[in-house]
Amino acid sequence: MKYIKQVLGGDLRQYTMVVALGLLILIFNVISDGRMLTSSNFQNLLSGNAYVLVLALGMLMVIVIGQIDLSVGSVAGFAGMVMALVAKNYNVPWWVAVLIALAIGILAGAWHGFFLSQLGIPGFITTLGGMMIFRGGVIWISRSISVPAPEELKWFGAGYLPEWGPSFTGMNNSTLVLGLIGIVCFAVGQIRKYNRSKNSPVGETPLWAVVTRIALMTVLIGYFTYLFGSGRVGTSFPVPGLILLLLTIIYHIITQRTKFGRHVYAVGGNKAAAALSGVNVKRTYFLTMMNMSFLAAVAGILFVGRSTAAGPADGTSWEMDAIASVFIGGAAVSGGVGTILATIVGGMVMAVLNNGLMLMGVGADKTQVIKGFVLLAAVAFDVYNKKNGKSSIIGRIFSK
Amino acid sequence: MKKRTLLSMAMVATMAFATFTGCGGSREGAATTDTAAETTEEAATTETTAEESFPGFEDGATIGVSLPWLGTQNWKEAEEMFTAQLEEAGYKPIVQAADQKVTQQQQQIESMIENGAKVIVVGPVDGSQLGAVLEQAKEAGVYVIGYDRLLENTSGVDGVVQFGSVKTGELQAQALLQGLEEKKGEPPYNIELFGGGPADPNAPNFFTGAMSVLQPKIDDGTLVVVSGQTDFTQCATVDWDNAKAQSRMDSLLAGNYSDKEIDGVLSPNDGIARAIITSCENAGQEIPVVSGLDAENESVEWVWSGRQYSTVAKPTNDLVAKTIEIIDSLKAGNGMPATDVEVDNGVKNVRIYELPPVVVTKDNAKEVFANDPSRLELLK
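For the record, the sequence lines run as chains A and B. Counting from 107, one number per residue, gives the positions in the first sequence under my numbering. Counting from 39, one number per residue, gives the positions in the second sequence under my numbering.
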């Protein structure tokens with residue numbers, strides 16, 4: 107027991123949700139006769155859920171500051187529709203259309219941020235308004251008709267990395283390189299941490315624990331590299347997955363390592379105390395809301411790319427999926443608690459549930475019921491543990 | 039608790055490790071690429087010559103059916119009929135509905151590919167938003183048949199089974215004219231126009247078909263569209279939502295008919311027809327002549343009692359039977375059956391298998407439903 111603790115570097119209970127995710131995957135894999143853990147299914151899983159997870163990244167920060175954003179689905183739909191329309195009607199290159207969509211996201215976010223930070227209107231109301239404004243806007247500008255998107259965008263929403271180099275590796279070499287980078291980064295990070303722990307007052311982490319940790323992670327990343335890389339020729343780790351991965355790393359760093367990130371947690375934890383200690387609360391509110399809508403535009407672009415067309419109903423109720431992911435990932439309803447990585451795990455739990463139940467042929471009605479119970483159970487479990495004086499189980503996964 | 043967590047963690051680790059080490063690298067690099075290239079070439083020639091050998095499949099093959107939702111009677115019927123008739127024909131059906139969500143449908147189709155389906159029948163939520171997923175099905179060697187609605191903007195579709203949608207619109211308009219002459223005396227007649235959900239590629243076709251009959255009559259003054267709204271986007275009903283149609287009718291009546299009588303309304307389906315009739319009743323108008331579509335039970339009753347003038351039956355049974363006939367042909371290795379009609383879906387010409395719809399009024403209801411005991415039951 108003690109050894110395992112040392113390997114994982116902390117309280118075992120932190121890993122409940124990760125273990126649940128792993129078990130879920132394995133159970134579905136057994137029930138579906140091995141159709142869960144296949145290259146194509148995991149590629150689909152990532153391509154098909156990247157947009158929700160991208161939204162969840164922004165939503166985590168919004169929830170941490172103690173607000174909520176209901177407009178993300180509508181903003182995503184609106185940005186995607188503007189992009190498709192601009193590309194179709196004004197004959198501009200696809201990347202110009204993408205930049206316009208991102209700009210729309212930023213403007214929409216600034217709009218929400220302005221009302222929240224300057225006028226002090228609660229985020230719930232501001233974004234409820236935004237939800238209606240942008241949903242109406244989508245229908246208005248599209249005249250309720252789907253608009254085909256530029257062909258190039260498909261790469262963002264459903265594309266794969268290039269094939270190159272020798273074929274003796276037996277996989278897509280882009281994916282292989284990606285996996286190797288992942289392993290090296292993890293190992294380097296662990297070794298640096300180990301070196302630092304030599305001088306720490308808590309005491310040195312045993313070397314064997316560090317080595318085991320690296321070995322376990324190598325196996326895990328190696329397995330997924332193999333899974334993603336060994337699919338049909340021409341497929342690889344999917345592009346939307348890569349975009350999600352990059353955004354996850356960026357936002358993990360922003361929330362954990364930067365001043366702005368610390369301000370986000372400070373404002374969410376105790377607004378008054380944060381203001382007294384010199385945190386610019388208004389600015390934090392504004393930037394968080396702006397960032398959310400920016401990510402909503404990214405999600406909209408990914409989705410349009412995958413669908414090959416922007417439709418008038420795009421984005422309907424996406425906010426709910428994003429919010430569910432954040433809470434399953436252990437964020438606190440009252441704000442101040444929650445991490446990016448735990449949110450991704452929470453989102454993956456939802457995605458895997460969805461995917462596994464579909465593979466089993468369970469209908470949409472029952473899937474919905476099951477997802478509802480899972481959300482409730484995860485949050486109840488979290489709250490129960492907090493009440494009993496234990497630290498938030500899920501919420502602090504990986505933090506520090 | 040702790041022990042169990044520990045145990046499961048160990049399990050995860052060992053299983054992950056076992057799976058990882060257990061699989062030898064098996065990407066047949068260059069060789070596979072060659073075959074892939076060949077298949078693409080083959081696919082290219084298929085499109086040009088149209089006559090090609092199609093690989094069949096064995097008995098008991100998995101057939102996926104992805105429907106948009108189960109919220110109207112025709113889709114619920116389709117779900118039940120596909121399940122029963124595919125099983126009867128010796129296939130293994132996976133029939134799922136997407137709850138009107140494009141994302142859900144995309145994922146369902148992917149999981150059908152994953153489940154090894156040989157044919158996937160798709161009644162799309164939005165016919166133009168399945169491009170990437172259907173191309174994935176095509177690459178996996180799955181046949182894709184569009185059901186009831188055209189699949190646009192993708193090369194991954196082999197054919198579409200549907201009722202002639204322009205024809206349906208023509209029939210609706212003819213029934214409306216016939217009803218007006220029968221019930222509302224001498225022209226001119228005051229009418230209003232309703233269209234279906236714009237995301238459904240059939241909806242503009244219904245409207246176009248109907249307008250091809252109505253426009254000449256509007257031009258010669260027989261028909262008067264009092265609100266002046268004759269453009270499809272003005273008349274469309276988002277998502278085929280009855281509530282939206284009812285509120286549009288409410289405002290049309292309030293805005294234009296305070297001193298006039300409404301004589302007829304072109305309605306694209308039965309749900310919207312009933313919403314329109316309800317709205318007219320609430321506004322104190324005499325019930326106008328209203329067209330419909332789908333022969334839903336409630337509307338069949340209304341047609342029988344004279345509240346709704348007509349509906350158009352698109353017997354789901356015929357559509358399902360035709361689809362299964364195509365699946366049988368694919369199974370035998372004969373490919374898609376020949377057809378006269380082809381439609382450009384934006385990327386390629388798609389074979390369309392059109393079935394004729396049937397107008398139902400009180401006069402012919404008993405004949406039309408002679409072989410449909412459940413609906414015949416309603417005509418009493």
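C-beta: ideal position from N, C-alpha, C; glycine also.
- Are the Cβ atoms of B/V163 and B/V140 separated by less than 8 Å? By one-based count along the second sequence, residue 163 of chain B stands at place 125. By one-based count along the second sequence, residue 140 of chain B stands at place 102. Going by C-beta atoms, B/V163 is nearer than 8 Å to B/V140.
- Message: For B/D130, list the residues DSSP reports as bridge partners.
- Response: Sequence index remark: in the second sequence, residue 130 of chain B carries index 92 (1-based). Inspection of the sequence shows that residue 130 of chain B is occupied by Lys rather than by Asp. B/K130 has B/T100 as its beta-bridge partners, per DSSP.
- Query: Who are the neighbours of A/I251 on chain B, taking C-beta pairs under 8 Å?
  - Reply: The residue labelled residue 251 of chain A in the question sits at position 145 within the first sequence. Taking a Cβ-Cβ cut-off of 8 Å, the neighbours of A/I251 in chain B comprise P236, A237, T271, given in sequence order.
- Bridge partners - A/A402, DSSP secondary structure assignment: Residue mapping note: residue 402 of chain A aligns to position 296 of the first sequence, counting from 1. Its beta-bridge partners do not exist; DSSP assigns none.
- Message: Give me the residue from B/Q145, B/F201, B/L189 with the minimum Cα distance to B/Y391.
- Response: Locating residue 391 of chain B in the second sequence gives position 353, counting from the first residue. Nearest of B/Q145, B/F201, B/L189 to B/Y391, Cα basis: B/F201.
- Hey, would you say the C-beta of B/S329 is under 7 Å away from at least one heavy atom of the ligand NAP? Questions concerning the ligand NAP fall outside what the structure shown contains, since it holds no ligand whatsoever.
- Cα-Cα, which of B/L215, B/E152, B/V358, B/L291 is closest to B/G161? If you number the second sequence from 1, residue 161 of chain B lands on position 123. Closest option to B/G161, judged by alpha-carbon separation, among B/L215, B/E152, B/V358, B/L291: B/V358.
- Which bits of chain B does A/I465 rub up against, with CB to CB less than 9 Å? The residue labelled residue 465 of chain A in the question sits at position 359 within the first sequence. In the sequence as presented, Ile is not what sits at residue 465 of chain A; that position holds Leu. The contacting residues are S149, E152, N153.
- Query: Out of curiosity, what's the CA-to-CA distance linking B/I310 and A/K493?
  - Reply: Taking the second sequence and counting its residues from 1, one reaches residue 310 of chain B at position 272. Taking the first sequence and counting its residues from 1, one reaches residue 493 of chain A at position 387. Computed Cα separation, rounded: 52 Å.
- Would you please verify whether the beta carbon of B/K400 is less than 8 Å from any beta carbon of chain A? As a position in the second sequence, residue 400 of chain B is number 362, starting the count at 1. The beta carbon of B/K400 sits no closer than 8 Å to any beta carbon of chain A.
- Task: Please go through the same chain and pick out, in chain order, the residues whose beta-carbon is closer than 7 Å to the beta-carbon of B/K418, but skip the five residues on each side of it.
- Result: Taking the first residue of the second sequence as position 1, residue 418 of chain B is located at position 380. The answer is none, since no qualifying residue turns up.
- A/G263 lies in the alpha helix (DSSP H); which residues open and close that run? Along the first sequence, read from residue 1 onward, the residue named residue 263 of chain A stands at position 157. 260-264 is the span of the alpha helix (DSSP H), which, as asked, contains A/G263.
- State yes or no: is the beta carbon of B/E76 nearer than 8 Å to at least one beta carbon in chain A? Translated into positions along the second sequence, residue 76 of chain B becomes position 38. Residue confidence is low: B/E76 scores 42 on pLDDT, short of 50, so the model does not pin down where it sits. Its coordinate-derived value is still stated next. Judged by the 8 Å Cβ criterion, B/E76 is not in contact with chain A.
- Query: Would you say B/G169 reaches chain A, if we count a Cβ-Cβ gap shorter than 8 Å as a contact?
  - Reply: In the second sequence, residue 169 of chain B corresponds to position 131, counting from 1. Yes - at least one Cβ of chain A is within 8 Å of the one on B/G169.
- Which word fits B/Y185, buried or exposed, when buried means at least 16 other C-beta atoms lie within 10 angstroms of its C-beta? As a first step, residue 185 of chain B must be located in the second sequence, where it is residue number 147. Label assigned to B/Y185: buried.
- Cα-Cα, which of B/G235, B/S203, B/A281, B/T316 is closest to B/V396? Start at 1 with the first residue of the second sequence, and residue 396 of chain B comes out as number 358. Minimum Cα-Cα distance from B/V396 among the listed residues B/G235, B/S203, B/A281, B/T316 corresponds to B/S203.
- Task: Consult DSSP for A/P344 and reduce its assignment to one of helix, strand or coil.
- Result: What you label residue 344 of chain A is simply residue 238 of the first sequence in a count that begins at 1. Shown here, A/P344 sits in a strand according to DSSP, grouped into three states.
- Straight-line Cα distance separating B/P239 from B/A274: As a working note, residue 274 of chain B is residue 236 in the second sequence. As a working note, residue 239 of chain B is residue 201 in the second sequence. Roughly 12 Å between the two C-alpha positions.
- Message: I need the DSSP call for A/D427, collapsed to helix, strand or coil.
- Response: Counted from its first residue, the first sequence places residue 427 of chain A at position 321. Reduced to three states, the DSSP call for A/D427 is helix.
- Item | B/F95 in three-state terms, based on DSSP | Sequence index remark: in the second sequence, residue 95 of chain B carries index 57 (1-based). Reduced to three states, the DSSP call for B/F95 is coil.
- Message: Counting C-beta neighbours from all protein chains within 10 Å, is the total for A/L151 16 or more, i.e. buried, or is it exposed?
- Response: The sequence position of residue 151 of chain A within the first sequence is 45, counting from 1. Note on A/L151: 16 or more other CB atoms within 10 angstroms of its CB, so buried under the neighbour-count rule.
- With C-beta atoms as the reference, is A/S531 less than 8 Å away from A/A182? Given that chain A is displayed from residue 107 to residue 506, the structure contains no residue 531 of chain A and the question cannot be resolved.
- Message: With H, G and I counted as helix, E and B as strand and the rest as coil, what does DSSP make of B/P226?
- Response: As a working note, residue 226 of chain B is residue 188 in the second sequence. Correct three-state label for B/P226: coil.
- Query: Helix, strand or coil for B/D277 per DSSP?
  - Reply: By 1-based counting over the second sequence, the position of residue 277 of chain B is 239. For B/D277, the secondary structure class from DSSP, reduced to helix, strand or coil, is helix.
- Task: Would you grab the beta carbon distance between A/N278 and A/L267 for me? Rounded to a whole angstrom, and I think it's under 8 Å.
- Result: To locate residue 278 of chain A, count along the first sequence from 1; it is residue 172. To locate residue 267 of chain A, count along the first sequence from 1; it is residue 161. A/N278 to A/L267, Cβ: 7 Å. Contact.
- Please confirm if A/K365 has its CB atom under 8 Å from at least one CB of chain B. Start at 1 with the first residue of the first sequence, and residue 365 of chain A comes out as number 259. It does not; no Cβ of chain B falls within 8 Å.
- What residues match up with B/S348 in a beta bridge as DSSP calls it? Taking the first residue of the second sequence as position 1, residue 348 of chain B is located at position 310. B/S348 is bridged by DSSP to B/T399.
- On the DSSP bridge assignment, give the partners of B/R389 in chain order. The residue given as residue 389 of chain B occupies position 351 in the second sequence. Residue pairing for B/R389: DSSP places it in a beta bridge opposite B/G197, B/E380.
- Which listed residue (A/E269, A/Q296, A/W200, A/L282) has its alpha carbon closest to that of A/F262: Position 156 of the first sequence, counted from the first residue, corresponds to residue 262 of chain A. In this structure, A/W200 is the residue among A/E269, A/Q296, A/W200, A/L282 with its C-alpha nearest to the C-alpha of A/F262.
- Task: Output the boundary residues of the beta strand (DSSP E) element that contains B/I300.
- Result: By one-based count along the second sequence, residue 300 of chain B stands at place 262. Unbroken run through B/I300: none, as it is neither H nor E.
- Task: Taking C-beta pairs closer than 9 Å, name the residues in chain A that B/T192 reaches, listed in chain order.
- Result: Residue mapping note: residue 192 of chain B aligns to position 154 of the second sequence, counting from 1. Among the residues of chain A, those whose CB is under 9 Å from the CB of B/T192 are T414, following chain order.
- Beta carbon of A/A214, beta carbon of A/M189: below 8 Å? Mapped onto the first sequence, residue 214 of chain A falls at position 108. Mapped onto the first sequence, residue 189 of chain A falls at position 83. No. Outside cutoff.
- Query: Within this structure, are the beta carbons of A/P254 and B/N191 separated by less than 8 Å?
  - Reply: Along the first sequence, read from residue 1 onward, the residue named residue 254 of chain A stands at position 148. Along the second sequence, read from residue 1 onward, the residue named residue 191 of chain B stands at position 153. Taking 8 Å as the cut-off, the beta carbon of A/P254 is found closer than this to the beta carbon of B/N191.
- Please name the residue in A/A402, A/V387, A/S383 whose C-alpha comes closest to that of A/G374. Within the first sequence, residue 374 of chain A is the residue found at index 268, counting from 1. The option with the nearest alpha carbon to A/G374 is A/V387.
- Item | Opening and closing residue of the beta strand (DSSP E) in which A/L208 lies | Looking up residue 208 of chain A in the first sequence gives position 102. It is not in any beta strand (DSSP E) - A/L208 instead sits in the alpha helix (DSSP H) that spans 200-219.
- Query: Would a check of beta-carbon distances place A/S146 closer than 8 Å to chain B?
  - Reply: Your numbering for residue 146 of chain A matches position 40 in the first sequence. Chain B has a Cβ within less than 8 Å of the Cβ of A/S146.
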